[in-house]
Amino acid sequence: MRYVEFTKHGLIRRDWDGETETYASKPVGADRVLACLRMECKIAEGVTLLDIFNTVDTYTPLVDFMWDYSWCPVAEFHEQARLPRPEDDDTDHLEYLEIRRILEVERFPTENPVREMYSRLDFSAPGIDDGRPVRFSFKCSPMNEIGHLPVRLVDRCPLEDTEGHAEEEFETSFSLLEVLDAIYHDISFFGGPTQVAAFCDKLGRRHEDIDSGEATTIPIEEPGAERGLDKEEEAE
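The sequence shown lines up with residues 677 to 912 when you count with our numbering.
Right, here's the structure in full:
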């Protein structure tokens, strides 16, 4: 029984000692951090996203590995997270960030019904919007807006159908690699901080054009309209 844990003092390895029936603890060395990627990982209470970034930054091999594995410019996001928190950020309603595992089942209506199961990781935050529970994603968020938030691991895993309805629930755990990949893959979905900012700016300008009527929009009910097709041509 052993695991690694993100703490306020860095990444700690815990090994069970059968004689004392306690966990022996020691910091993970730079020469052993990659060997710990498949070990179970936990996050101590109160450890923030910035704490995790600061810990990862102490391991050059880990920074390099995650850059390649998650296609994420890790150092750029770490640097952004250390900037002062914006005065106008809108994250005051969020209490913490979560890493979850979700199992999805897809059924295929064939003569012999087939079911396929998919597993995915989710990095988001629970919140309330218009009185309803929702989840907030951070694919477009600057890291200095959320770096102060604690990160938690959800140890319950729902089994959902393709419409998001939960069928069953299971206990689950995460490896160190899964914890890091859930974070870095999500925050770099649109690229590094510069690319994310450019994407959000473009999205904002497009929204303004739509609101002002400058942008040409096509009703979703008319799938062939963008190519200038009428309904008869589309049917052909």
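By construction, the Cβ of each residue, glycine as well, lies at the ideal position given by its N, Cα and C atoms.
Between the CA atoms of residue j and residue i - distance to the nearest angstrom
i	j	result
Val680	Leu852	7 Å
Phe814	Ser864	9 Å
Arg690	Trp743	26 Å
Arg776	Cys833	7 Å
Met677	Gly807	43 Å
Thr767	Cys816	13 Å
Ala873	Lys702	40 Å
Phe799	Gly694	35 Å
His685	Met793	38 Å
Val855	Leu725	11 Å
Tyr699	Phe850	19 Å
His754	Val739	10 Å
Phe846	Arg714	20 Å
Thr848	Phe866	29 Å
Leu687	Tyr735	10 Å
Cys876	Ser795	29 Å
Asp862	Arg761	20 Å
Proximal residues to residue i (C-beta, below 7 Å), its chain only, five neighbours per side dropped
i	result
Pro802	Glu774, Pro809 and Arg811
Gly868	Pro749 and Glu752
Pro737	Ala706, Val709 and Leu710
Trp747	Ser864
Short Cβ contact (8 Å threshold) for residue i with residue j
i	j	result
Ala858	Leu797	yes
Asp765	Glu821	yes
Cys717	Val704	no
Met819	Gln756	yes
Buried versus exposed call for residue i [16 or more other C-beta atoms within 10 Å across all chains shown]
i	result
Ile728	buried
Thr731	buried
Glu763	exposed
Asp885	With a pLDDT of only 47 at Asp885, under 50, the local geometry of the prediction cannot be trusted, and no value is derived from it.
Ala706	exposed
Phe682	buried
Tyr772	exposed
Own chain, CB closer than 8 Å to residue i, minus 5 neighbours either side, in chain order
i	result
Glu836	Ile778, Leu779, Glu780, Val781, Ala842 and Glu843
Gly904	For Gly904, the pLDDT reaches just 48, beneath the cut-off of 50, and the residue's location in the model is therefore unreliable, leaving the point undetermined.
His769	Gly803 and Ile804
Residues of its chain near residue i, where Cβ-Cβ distance is below 6 Å and the 5 sequence neighbours each way are ignored
i	result
Val830	Glu774 and Arg776
Tyr860	Met742, Ser746 and Cys748
Segment contact flag, the region 821 to 831 with the region 708 to 726, C-beta cutoff 8 Å, min 3 pairs
With three or more CB-CB distances shorter than 8 Å, the region 821 to 831 counts as touching the region 708 to 726.
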